[in-house]
Amino acid sequence: MKSTNKERMLEENPEGDNERELCSDLCYPLHWFKMLANEMHWSFIYGIVVVNGINQGLGGAVGRVASDYYWKDVQEVQPSESQVYQGITSLPWIVKPLWGLLTDILPVAGYRRRPYLILAGKNLRDIDKNCLVCLPLAFFQPSGLLGAISMLIIWLEKDLFTMLALLLLTIANAGSAIADVTIDACIAQNSITHPSLASDMQSLCGLSSSIGGLLGFSISAFLMDAISSQEALGLLSFPSLLVLSVGMVLKEQYAQDFSYCQIHEKLMQANKTMWKTLKCAEVWKPCIFTFASLALSLNIQEGMFYWYTDSSTGPAFSQKNISFNYSIGSIGSLLGVLLYQNSLKDYPFRCILFWTQFLSSILGFLDLVLVLRLNLKLGIEDYIFMVISEAISQMVGRVKWMPILVLSSQLCPIGIEGTFFALLMSIDHVGLLVSSWGGGLMLQLLKVTRTEFGNLWMAILIRNLLRLLPLLLLNLVPKNDQNSMVQSDDYFVNNEAVGAVLSDTSGVDHESLILH
């Protein structure tokens, strides 16, 4: 029987009595963090903390609150329009396979990951000057600058047209998507070389994101009182710039003698490998389930937000109330990660996804209780009820998302880990886009506006019932436990040669391809 990470660390640090054992339990998070750093290299851990924790967690939290108020108060759009715009700004996450393909088959200045976080100019002389197609990519703009410049423009320009503001927010999301797919590629490859640590790496991502979100929502409560939503968005340029530091320190194997004139051949081989993998039942079946699970959970968050802040029919929550509510939601998300890491990561995929999908539908009815004001009849104030609902829903949502990430990382063929993981995540983001636009359409059809919320309860009811439908597809999810590979060993052996061709690293040990 395989020992857990905690047991392995306790074997390395045997305890002689109960007091020392208690101390070991209290220090377990530190030992766990140190163990990951030793196995993967500290720069990889730093990259996860910066990209997932600071840029996406903290920056995403501030951006969520600020953008909600920006569309509502500055651009003065309807809830259904705001819901659609939020979906449009997420479009860069759908084209993540493009960024993943670049990081897998097209090293710049000898590196496959670092240049897509920051320009690595010291080895530009090694690029084949006869292949002009590579030159624009050699000067690829760092992902951090995309977000920083876009947010600064929103900050400085006070009277932006709606479409220009939408474009800038979309560009900022493109910067985050590039950084995310680069780190995801490292995670996917390390999940193949260290399958027993796949769930631990996803737990680290979840912890970083949740803690960053908690800090971000807490900060936004004060920011929205002190400055405008536009200025708060401008401050997001700083987390974006911090992404540049990851490109400076990320330890990566240098790819020697790479021929840029073989790019077309590598693209064709990568495309062939991806389609071959997608045709495997172990891959396309869980993809259908995750897509349905996300798409059928219609997103009506903007309608709820407008109702939260309405002073006539809603509870008229203040900006501090909204930010604090999201902060509690981040605590719930953090608890979900801890619950998963300590108790649920060894359970089969199908078991966890059944219960989390079922609970997400049941917990959705808490919104219905709040909108119908049934909580007041039970003697529970609106704000208290909203906070409890948000915390529990976020906890279940995080537990549901973790095994999906672990499963996706284990399905990636060697050599195009970044591309294929990004492809799987893009399928999920298409599901989220369908959810967002479907929710916006439903709000429009039910005539939920800035001041009219009479049919909001119906939108909530329809959303909750639709969340039950993916349970009919649960048989598509593998029965495997999360610490074993979903694909057979023969699958990865057969694809290892393809991976060597794609990355020109046939003489490199895959275990040390990125981090050693």
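Using the numbering used here, the first residue of the sequence shown is number 28, and each one after it goes up by one.
Quick reminder that beta carbons are idealized off the backbone N, C-alpha and C, glycines included.
A quick note: this is a predicted structure, and the numbers were derived from the prediction, not measured.
Could you tell me how far apart the beta carbons of residue i and residue j are, in whole angstroms, since I believe they sit closer than 8 Å?
i, j, result
"Gln-110", "Ala-192", "Wrong, their Cβ atoms sit about 16 Å apart, outside the cutoff."
"Gly-466", "Pro-266", "The Cβ separation is near 28 Å, so there is no contact."
"Ser-272", "Val-77", "7 Å"
"Leu-380", "Lys-427", "7 Å"
"Ile-181", "Gln-257", "6 Å"
"Ala-175", "Leu-268", "5 Å"
"Gly-74", "Ile-210", "5 Å"
Which class does residue i belong to by DSSP, given the choice of helix, strand or coil?
i, result
"Asp-508", "strand"
"Asn-521", "Caution is warranted here: a pLDDT of 47 is assigned to Asn-521, below 50, making its placement in the model unreliable, and no coordinate value can be reported."
"Pro-342", "coil"
"Val-160", "Since pLDDT at Val-160 reaches only 34, below the 50 mark, its modelled position is unreliable, and the value read off the structure follows with that caveat. Val-160 falls in the helix class under three-state DSSP."
"Pro-375", "strand"
"Gly-243", "helix"
"Met-485", "helix"
"Asn-82", "helix"
"Asn-326", "coil"
"Leu-224", "helix"
"Ser-117", "coil"
"Cys-54", "coil"
"Gln-105", "coil"
"Ile-349", "helix"
"Lys-99", "helix"
"Ala-391", "What sits at residue 391 in the sequence shown is Gly, not Ala. Coil at Gly-391, not helix or strand."
"Ser-255", "coil"
"Leu-191", "helix"
"Leu-401", "helix"
"Phe-412", "helix"
"Lys-474", "coil"
"Cys-439", "coil"
"Arg-425", "helix"
"Val-122", "coil"
"Leu-498", "helix"
"Leu-456", "The residue asked about is misnamed: residue 456 is His in this sequence, not Leu. Reduced to three states, the DSSP call for His-456 is helix."
"Leu-37", "With a pLDDT of 49 at Leu-37, under the threshold of 50, the predicted position of this residue should be treated as unreliable, and no value is reported."
"Ile-407", "coil"
"Leu-492", "helix"
"Thr-336", "coil"
"Leu-262", "coil"
"Asp-207", "helix"
Less than 8 Å separating the beta-carbons of residue i and residue j?
i, j, result
"Phe-332", "Asp-95", "yes"
"Arg-425", "Val-504", "no"
"Asn-491", "Ser-370", "no"
"Val-92", "Ser-345", "no"
"Leu-434", "Pro-342", "no"
"Leu-325", "Met-485", "no"
"Ser-70", "Val-276", "yes"
"Asn-402", "Phe-412", "yes"
"Trp-382", "Gly-114", "no"
"Leu-361", "Leu-241", "yes"
"Gln-105", "Arg-477", "yes"
"Ser-235", "Asn-79", "yes"
"Gly-261", "Ala-88", "no"
"Asp-508", "Tyr-353", "no"
"Ser-218", "Ala-225", "yes"
Please determine, among the options, the residue with the shortest C-alpha to C-alpha distance to residue i.
i, options, result
"Leu-460", "Gly-87, Met-62, Leu-386 and Thr-116", "Thr-116"
"Gln-437", "Val-92, Pro-106, His-221 and His-456", "His-221"
"Trp-334", "Leu-399, Asn-65 and His-456", "Leu-399"
"Asp-227", "Leu-366, Thr-317 and Gly-341", "Leu-366"
"Leu-263", "Ile-327, Ala-253 and Leu-196", "Leu-196"
"Ser-462", "Tyr-73, His-68, Trp-59 and Ser-107", "Ser-107"
"Ile-205", "Ser-236, Leu-231 and Leu-118", "Leu-118"
"Thr-189", "Gly-174, Ser-237, Gly-243 and Lys-99", "Lys-99"
"Cys-548", "Cys-439, Lys-404 and Leu-234", "What is shown of the chain runs 28 to 543, which leaves residue 548 out entirely."
"Leu-450", "Ser-177, Asn-79, Ala-215 and Gly-74", "Ala-215"
"Asp-186", "Ser-203, Tyr-97, Asn-217 and Phe-244", "Tyr-97"
"Gly-330", "Leu-172, Gly-481 and Leu-268", "Gly-481"
"Gln-368", "Cys-213, Met-67, Gly-233 and Leu-250", "Gly-233"
"Asn-82", "Leu-473, Met-62, Ile-121 and Leu-172", "Leu-172"
"Ile-4", "Met-178, Ile-327 and Phe-244", "In the structure as shown, the chain begins at 28 and stops at 543. Residue 4 is therefore absent and cannot be evaluated."
"Trp-120", "Asn-200, Val-310, Asp-252 and Gln-384", "Asn-200"
"Leu-250", "Ser-218, Lys-404, Val-310 and Phe-351", "Phe-351"
"Gln-229", "Met-301, Ile-72, Ile-349 and Phe-244", "Ile-72"
"Val-414", "Cys-213, Tyr-112 and Asn-348", "Asn-348"
"Thr-340", "Leu-483, Leu-194 and Arg-377", "Leu-483"
Below 7 Å, is the gap between the Cβ of residue i and the nearest heavy atom of the ligand SAH?
i, result
"Pro-342", "Looking for the ligand SAH in the displayed structure turns up nothing, as the structure carries no ligands at all."
So, do the region 495-503 and the region 343-363 have three or more beta carbon pairs nearer to each other than 8 Å? no
Okay, do the region 450-460 and the region 315-328 touch, 3+ Cβ pairs below 8 Å being the bar? yes
Contact between the region 296-305 and the region 413-423 is defined here as three or more beta-carbon pairs at a separation below 8 Å; is this criterion met? no
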